[in-house]
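J.: Before we start, here is the structure in question, set down as structure tokens.
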């Protein structure tokens with residue numbers, strides 16, 4: 300029943316989204332010196348997330364992208380970023396990636412804060428305020 | 055959770071690749087005065103598993119820099135020819151130091167990503183603790 304509370308669903312979605320985005324970011328940073336590597340990122344959360352038929356879920360933009368078992372929920376496909384390439388054809392900027400890492404961390408913390416305080420409200424409602 | 059462990063293993067592959075690159079830099083530096091030594095260079099490439107990209111990175115095959123060896127004039131040197139010159143190494147200290155710097159910078163970026171993925175998964179576990 301708690302699954303259907305939109306705020307929990309939204310918080311869970313944002314936390315899964317930041318996890319997936321962190322993993323895309325790790326690929327970029329690991330390949331920061333790989334010739335010809337192009338940086339990727341997930342689309343904005345607002346794009347990856349939408350309301351459909353009253354239920355909310357994460358959109359899968361291309362079938363077959365997500366391998367299924369190893370992902371918690373279907374997420375948007377990483378897209379190439381339009382950035383300046385260095386002479387080896389690599390488009391990763393470490394500074395850019397690290398500022399994005401800070402964004403991801405704050406998104407994730409926010410999602411967890413929303414989730415845990417919603418749980419507190421539910422607990423209070425059933426008379427077990429902590 | 056799988057996203058975080060994936061992010062961690064990708065960042066770890068980045069650190070391993072950068073460390074290996076640093077090893078070649080130190081080999082080159084220590085052989086800077088070895089006659090006839092050609093500097094070793096390696097490149098990075100994405101790791102593929104069964105043709106699918108994994109996001110991880112590894113160092114490619116080691117190659118010897120084909121740049122001309124430095125001609126050093128020293129008639130008293132045992133390897134000097136009739137004209138008094140012998141072939142030194144083609145290691146350029148400035149290039150090696152710059153390479154070492156870049157390796158260190160990329161290594162640190164990978165370490166940051168690793169640490170952040172770890173913290174994010176720890177924060178997630180905090181939800182269960184309450």
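Protein chains in written order, with my numbering: chain A, 300 to 429; chain B, 55 to 184.
Heads up, the beta-carbon is just placed ideally off N, CA and C, and yes, glycines get one too.
Is the Cβ-Cβ distance between residue 118 of chain B and residue 77 of chain B less than 9 Å?
T.: Contact: no.
J.: Check residue 116 of chain B in the structure and name its three-state DSSP category.
T.: It is coil, neither helix nor strand.
J.: Please identify, using Cβ separations under 8 Å, the residues of the segment 388 to 400 of chain A that lie next to chain B, in order along the chain.
T.: Correct list: 393, 396, 397 and 400.
J.: Closest to residue 394 of chain A by CA distance: which of B/138, B/164 and B/121 is it?
T.: Considering only alpha carbons, the answer is B/164.
J.: Cutting at 6 Å between CB atoms, please list the residues of its own chain near residue 328 of chain A, excluding the five before and the five after it.
T.: Contacts found: 396.
J.: Should the segment 412 to 421 of chain A be called in touch with the segment 130 to 147 of chain B, which here means at least 3 C-beta pairs below 8 Å?
T.: Contact between the segment 412 to 421 of chain A and the segment 130 to 147 of chain B is absent, because fewer than three Cβ pairs lie under 8 Å.
J.: List the DSSP bridge partners of residue 139 of chain B.
T.: In the DSSP output, where bridge partners are listed per residue, residue 139 of chain B has B/127.
J.: Between residue 64 of chain B and residue 326 of chain A, is the Cβ-Cβ spacing less than 9 Å?
T.: Cβ distance < 9 Å, so residue 64 of chain B and residue 326 of chain A count as in contact.
J.: Using the Cβ count rule (16 or more neighbours within 10 Å means buried), how would you classify residue 133 of chain B?
T.: Per the 10 Å Cβ criterion, exposed.
J.: What separation, rounded to the nearest whole angstrom, lies between the Cα atoms of residue 384 of chain A and residue 390 of chain A?
T.: When rounded, the distance between both Cα atoms is 4 Å.
J.: Starting from the C-beta of residue 120 of chain B, find all residues in its chain whose C-beta is less than 8 Å away, skip the five residues before and the five after it, and write them out in chain order.
T.: Closer than 8 Å at the Cβ level, and outside the excluded window around residue 120 of chain B, lie 92.
J.: Starting from the C-beta of residue 333 of chain A, find all residues in its chain whose C-beta is less than 7 Å away, skip the five residues before and the five after it, and write them out in chain order.
T.: Cβ neighbours of residue 333 of chain A beyond the five flanking positions: 389.
J.: Taking 9 Å as the CB-CB cut-off, is residue 167 of chain B touching chain A?
T.: Residue 167 of chain B counts as touching chain A.
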